[in-house]
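Contents: one structure, followed by commentary.
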Amino acid sequence: MLKNIFDKLFKKEEVSSSIAKNRLKVVITQDRTSFSPKILGLLKDDLMEVFSRYFELEKEDIHSIKLENEEDNLGLSISIPIKKVKINVSEGNEK
Amino acid sequence: MKKGVVYAVTSGKGGVGKTTTTANLSTGLAMLGKKVAVVDADIGLRNLDIVMGLENRVVFNLVDVIEGKAKLKMALIKDRQFKDNLQLLPAAQTRDKDAVTPDDMIKLAKELSKDFDYVFIDSPAGIENGFKNAVAGADEVIIVTNPEVSAVRDADRIIGVLEASQKNKPKLIINRIKPNMVKKGEMLSVEDVLELLGIDLYGVVPDDESIISSSNKGEPVIKYADAKAGQAYLNITKRITGEQIPLLDLDDKKGILNKISNLFKK
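Spelled out as structure tokens, the structure:
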């Protein structure tokens, strides 16, 4: 009786190889996509340059920039607080 | 004039069987009648000489050759059995890794590939200078890993570093697999590792006690036809020469030994 319960409990347990595989999937993706601080700095500068053409921003205003796993895909998420849109620029582009 | 192909054997993590693999593949190619040079690039931790049973004959080493203190031909140690067809350039034991540069290794590899069909370079563990030296002059890179989380992760790091350089895609050897554990789901399978790393498989070597007993004697296990690991290494050797050889059936039961494994469907 007690043995049956134990058996059931253990059978439901995930085999350790699939635990290993899942952990490796996560850690390998992280390793492959980790930014070096230098590249991060360069990307920030470039993004600031582009965004400041369209928006009024404070300098060094990128709050966060990171790569994230979304299901099977990798996403880049950036958070930039905007003061206001540069109206003349956006209208100029529409013409 | 370049003739031979230069292989570097590396792994990232230490202790996965790089040196054993280098010794076996180079011996195996000599068994097939090829002329092979082996270079131990693990400076400070010389090991290939003892695994190959040549430790008593070391006079000069890799650093002596690079510094011009010895001619390459003088420093190469001829194997007891294969003589000219298997020659080892041992690592320096008392120097540090910075005694050698990638350019030195490129020159050395070029020089050796003039006279030898195959040149094998045994890399130190890690992704630092020693590893960079070892792969600098290589045409092909073989990554050895074990079906364990740390070894697989490190193998992926190596793959990443190699991608950044302009080498051919590395090939993988999965060493020390235990088929019974894989069957129970307690060890990563060949398919799992291939899916995670995304490179081509060169071969799978089972965990085999004969590896220890043969290296005790300074004889690579590939010389023992009845050892599973020896058979697995011989198959890889043949694949290196371009033969199409299916993966070894690692199942312990007798009678299905010659059954072709479906592992090779990759």
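Chains A and B, in that order, are what the protein sequence lines are. Residues 193 to 287 (the numbering used here) make up the first sequence, in order. Residues 15 to 280 (the numbering used here) make up the second sequence, in order. Ideal placement from N, C-alpha and C gives every residue a C-beta, glycine not left out.
Own chain, CB closer than 8 Å to residue i, minus 5 neighbours either side, in chain order
i, result
"Asn182 of chain B", "Asp153, Glu154 and Val155"
"Lys278 of chain A", "Arg245, Tyr246, Phe247 and Glu248"
Classification of residue i by the beta-carbon crowding that lies within 10 angstroms, buried from 16 upward
i, result
"Asn189 of chain B", "buried"
"Leu234 of chain A", "exposed"
"Arg284 of chain B", "Lying before the first or after the last residue shown, residue 284 of chain B is absent from chain B, which here runs from 15 to 280."
"Lys279 of chain B", "Note that Lys279 of chain B scores 40 on pLDDT, short of 50, meaning its location in the model is unreliable; the coordinates nonetheless yield the value given after this. Classification for Lys279 of chain B: exposed."
"Gln222 of chain A", "exposed"
"Met88 of chain B", "exposed"
"Ile226 of chain B", "exposed"
"Asn230 of chain B", "exposed"
"Arg60 of chain B", "buried"
"Tyr246 of chain A", "exposed"
"Lys197 of chain B", "exposed"
"Asn214 of chain A", "exposed"
"Gly18 of chain B", "buried"
"Thr159 of chain B", "buried"
"Val166 of chain B", "buried"
"Lys48 of chain B", "buried"
"Val218 of chain A", "exposed"
"Lys85 of chain B", "exposed"
"Asn249 of chain B", "buried"
"Gln258 of chain B", "exposed"
"Gly29 of chain B", "exposed"
"Lys276 of chain A", "exposed"
"Pro104 of chain B", "buried"
Cβ-heavy atom distance, residue i to the ligand FAD, below 8 Å
i, result
"Thr35 of chain B", "Only the bare structure without any ligand can be found here, which leaves the ligand FAD out of the picture."
Cβ-based neighbour list, residue i, same chain, cut-off 6 Å, excluding 5 preceding and 5 following
i, result
"Leu264 of chain B", "Pro193 and Pro220"
"Ser40 of chain B", "Val50, Val52 and Phe134"
"Val77 of chain B", "Ala106, Arg109 and Ala113"
"Leu68 of chain B", "Ile91 and Leu102"
Contact set for residue i: own chain, Cβ-Cβ below 7 Å, skip 5 residues either direction
i, result
"Ala37 of chain B", "Leu62, Val65, Met66 and Pro234"
"Pro116 of chain B", "Lys146, Asn147 and Ala150"
"Phe120 of chain B", "A small fix is needed here, since residue 120 of chain B is Ile in this sequence, not Phe. Here the set comprises Ala150 and Gly151."
"Lys92 of chain B", "Asp98 and Gln101"
"Pro161 of chain B", "Ile188, Ile191, Met201, Leu202 and Val207"
C-beta neighbour in chain E for residue i, strict 9 Å
i, result
"Glu142 of chain B", "Absent from the structure is chain E; the protein chains it does hold are A and B."
Proximal residues, the segment 112-138 of chain B versus chain A, C-beta separation under 9 Å: Listed in sequence order: no entries.
Between the segment 137-146 of chain B and the segment 80-100 of chain B, do three or more beta carbon pairs fall short of 8 Å? Contact fails: fewer than three Cβ-Cβ distances are below 8 Å.
Runs of 3 residues minimum, wholly inside the segment 89-167 of chain B: which ones carry the beta strand (DSSP E) assignment?
Runs of the beta strand (DSSP E) lying entirely within the segment 89-167 of chain B, each at least 3 residues long, are 91-93, 97-103, 132-136 and 154-159 in chain order.
Listed from N- to C-terminal order along the chain, which residues in the segment 163-187 of chain B have their beta-carbon within a distance smaller than 7 Å of any beta-carbon of chain A?
-> Per Cβ criterion, the list reads Val163, Val166, Arg167, Asp170, Arg171 and Gly174.
Taking beta-carbon pairs under 8 Å, can you tell me which members of the segment 217-237 of chain A lie near chain B? Cβ contacts with chain B: Lys217, Val219, Ile220, Asp223 and Arg224.
> Taking contact to mean at least 3 C-beta pairs separated by less than 8 Å, is the segment 237-257 of chain B in contact with the segment 208-220 of chain B?
Replying inline: Three or more beta-carbon pairs drawn from the segment 237-257 of chain B and the segment 208-220 of chain B are found closer than 8 Å, and the two stretches are therefore classed as touching.
Complete beta strand (DSSP E) runs within the segment 184-269 of chain B (minimum length 3 residues, chain order) | Taken in chain order, the whole beta strand (DSSP E) runs of length 3 or more contained in the segment 184-269 of chain B are 185-191 and 214-220.
| message | Quick check for students: name the residue ranges of the alpha helix (DSSP H) that lie wholly in the segment 19-49 of chain B, counting only runs of 4 or more. | response | Fully enclosed alpha helix (DSSP H) runs of 4 or longer: 32-45.
Exercise for review: May I ask you to list, following chain order, the residues of the segment 205-217 of chain A that have a beta carbon less than 8 Å from some beta carbon of chain B?
Suggested key: Contact annotation: in the segment 205-217 of chain A, residues whose CB is within less than 8 Å of a CB in chain B are Val207, Ser208, Ser209, Ser210, Ala212, Lys213, Arg215, Leu216 and Lys217.
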